[in-house]
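A short worksheet on the structure shown next.
In UniProt numbering, the protein residues as written are 1 to 156.
Spelled out as structure tokens, the structure:
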């Protein structure tokens, strides 16, 4: 697939440029109908934002370009295997196709793999290292939060 190769080469090129300017070696391209609509690079170090991954930055730019929270029909091409956070965001945005160049196995020797996070998330929630608690708050004379949101949506 020469088109797929072109988009993946662009993602790697973005990653290399980002790396050369002091960033991490990750780049991503969002494509719709064969055209690049957005790109992103990892900007964690520059922004101090641990969520500023290449894929998320590309998704944000794509949503802005398309003026939509949904990115159905778009594909993501990334220099590296997306982390669980980026994968979840892509799923939530409606992305149904992802291609990447470098796997977690290839990233492991360089401290860039997210395999351990994938493994942790595969465990039942009660067996994960992170502590999860569902705490109920009983509010008096207040419409439950989600019901209030739904009511506002219907009124708009």
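Glycine included, C-beta positions come from ideal geometry on N, C-alpha and C.
In this text the structure is predicted, and so the values were computed from the model without any measurement.
Item: Residue 116 versus residue 148: straight-line alpha-carbon distance, rounded; Value: 39 Å
Item: Residue interval of the beta strand (DSSP E) (run including residue 39); Value: 35-41
Item: Own chain, CB closer than 6 Å to residue 32, minus 5 neighbours either side, in chain order; Value: 73 and 74
Item: C-beta atoms of residue 60 and residue 23 nearer than 8 Å; Value: no
Item: Touch test, the segment 121-131 against the segment 51-68, Cβ-Cβ under 8 Å, three pairs minimum; Value: no
Item: Rounded separation between residue 41 and residue 17 - CA only; Value: 9 Å
Item: Nearest candidate by alpha-carbon position, reference residue 160, set 34, 27 and 142; Value: Here the chain comprises residues numbered 1 to 156, so residue 160 is not present and cannot be evaluated.
Item: Under 8 Å between C-beta atoms of residue 175 and residue 105; Value: The structure shown does not extend to residue 175, since the chain spans only 1 to 156, so no value can be given for it.
Item: Endpoints, the alpha helix (DSSP H) within which residue 151 is located; Value: 145-155
Item: Counted within 10 angstroms of its Cβ, other Cβ atoms place residue 138 as buried (16 or more) or exposed; Value: exposed
Item: Straight-line Cα distance separating residue 111 from residue 12; Value: 18 Å
Item: Completely contained beta strand (DSSP E) runs for the segment 55-105, where each covers 3 or more residues; Value: 74-80 and 97-102
Item: Residue of 146, 140, 38 and 19 minimising C-alpha distance to residue 66; Value: 38
Item: Same chain, Cβ closer than 6 Å to residue 156, five either side skipped, listed in chain order; Value: none
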